[in-house]
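S.K.:
In the UniProt record's numbering, the protein residues as written are 1 to 146.
1) Just list the residues that DSSP pairs residue 72 with in beta bridges.
2) Residue range of the alpha helix (DSSP H) that residue 54 falls in?
3) Could you check what DSSP says for residue 78 in three-state terms: helix, strand or coil?
4) According to the neighbour-count rule (16 or more other Cβ atoms, all chains shown, within 10 Å of its Cβ), is residue 43 buried or exposed?
5) Taking a contact to mean a Cβ-Cβ separation below 8 Å, would you say residue 57 touches residue 75 in this structure?
6) Which stretch, first to last residue, makes up the alpha helix (DSSP H) that contains residue 31?
7) In terms of residues, what are the limits of the alpha helix (DSSP H) holding residue 21?
8) With H, G and I counted as helix, E and B as strand and the rest as coil, what does DSSP make of residue 40?
9) Which word fits residue 168, buried or exposed, when buried means at least 16 other C-beta atoms lie within 10 angstroms of its C-beta?
10) Would residue 64 and residue 28 qualify as a contact pair, given that the criterion is a beta-carbon distance under 8 Å?
11) Quick one: measure Cβ to Cβ for residue 84 and residue 40, integer angstroms, because I've assumed they're closer than 8 Å.
12) Relative to the alpha-carbon of residue 178, which residue among 102, 71, 62, 5 has its alpha-carbon at the smallest distance?
13) Please identify the residue among 99, 19, 26, 16 whose C-alpha is closest to the C-alpha of residue 53.
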């Protein structure tokens, strides 16, 4: 086995840690996944991410927008429409997370791994995948393998 590790300095480690904390915050990854797979409006995201409350969705959308991962577009119609889209940065993040998802499928709880009750997948939000498949655009930044 080849050693593929390289030195990570303190600044890189801090940037990585803040990124992991943002994505790992409860509901953030579910919201990003829902938007990546086609949910655009508040109510669509809310319906897609099972168990998410209005208040927390609103809070997380603001955080993800401030982090530059989501773009909020206000459409001047009656009534006003608000739509959310991944930014280039957000789409790049979702692509970057795919190897971690594969790792979780291989080693996470319920996949024969030893993650146990506190491991990967514990307390993870559920996504209404059927609702996403019905809305998913063909140019989604996530390649669907299931």
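No residue lacks a Cβ here, since even glycine has one placed at the ideal position from N, Cα and C.
M.R.: According to the data block:
1) Translated into positions along the chain shown, residue 72 becomes position 72. Residue 72 is bridged to 84.
2) Counting from one through the chain shown, the residue named residue 54 turns up at place 54. It spans 54 to 66 - the alpha helix (DSSP H) in which residue 54 sits, taken as one unbroken run.
3) Translated into the one-based positions of the chain shown, residue 78 becomes position 78. Coil.
4) For the purposes of this step, residue 43 is taken as residue 43 along the chain shown, with counting starting at 1. Flag for residue 43 reads exposed.
5) By 1-based counting over the chain shown, the position of residue 57 is 57. By 1-based counting over the chain shown, the position of residue 75 is 75. No; because the gap between Cβ atoms is not below 8 Å, this pair is not in contact.
6) To locate residue 31, count along the chain shown from 1; it is residue 31. Counted as a single uninterrupted DSSP element, the alpha helix (DSSP H) harbouring residue 31 occupies residues 28 to 36.
7) As a working note, residue 21 is residue 21 in the chain shown. Run containing residue 21: 10 to 24, per the alpha helix (DSSP H) assignment.
8) Counting from 1 along the chain shown, the entry for residue 40 is found at position 40. Correct three-state label for residue 40: coil.
9) Any property of residue 168 remains undetermined from this structure, which presents the chain solely from 1 to 146.
10) Indexing the chain shown from 1 puts residue 64 at position 64. Indexing the chain shown from 1 puts residue 28 at position 28. Going by C-beta atoms, residue 64 is nearer than 8 Å to residue 28.
11) For the purposes of this step, residue 84 is identified with residue 84 of the chain shown, where counting begins at 1. For the purposes of this step, residue 40 is identified with residue 40 of the chain shown, where counting begins at 1. Sure, about 6 Å apart at Cβ, within 8 Å.
12) There is simply no residue 178 to check, as the chain begins at 1 and stops at 146 in what is shown.
13) Numbered from 1 along the chain shown, position 53 holds the residue referred to as residue 53. That would be 26, whose Cα lies nearest to the Cα of residue 53.
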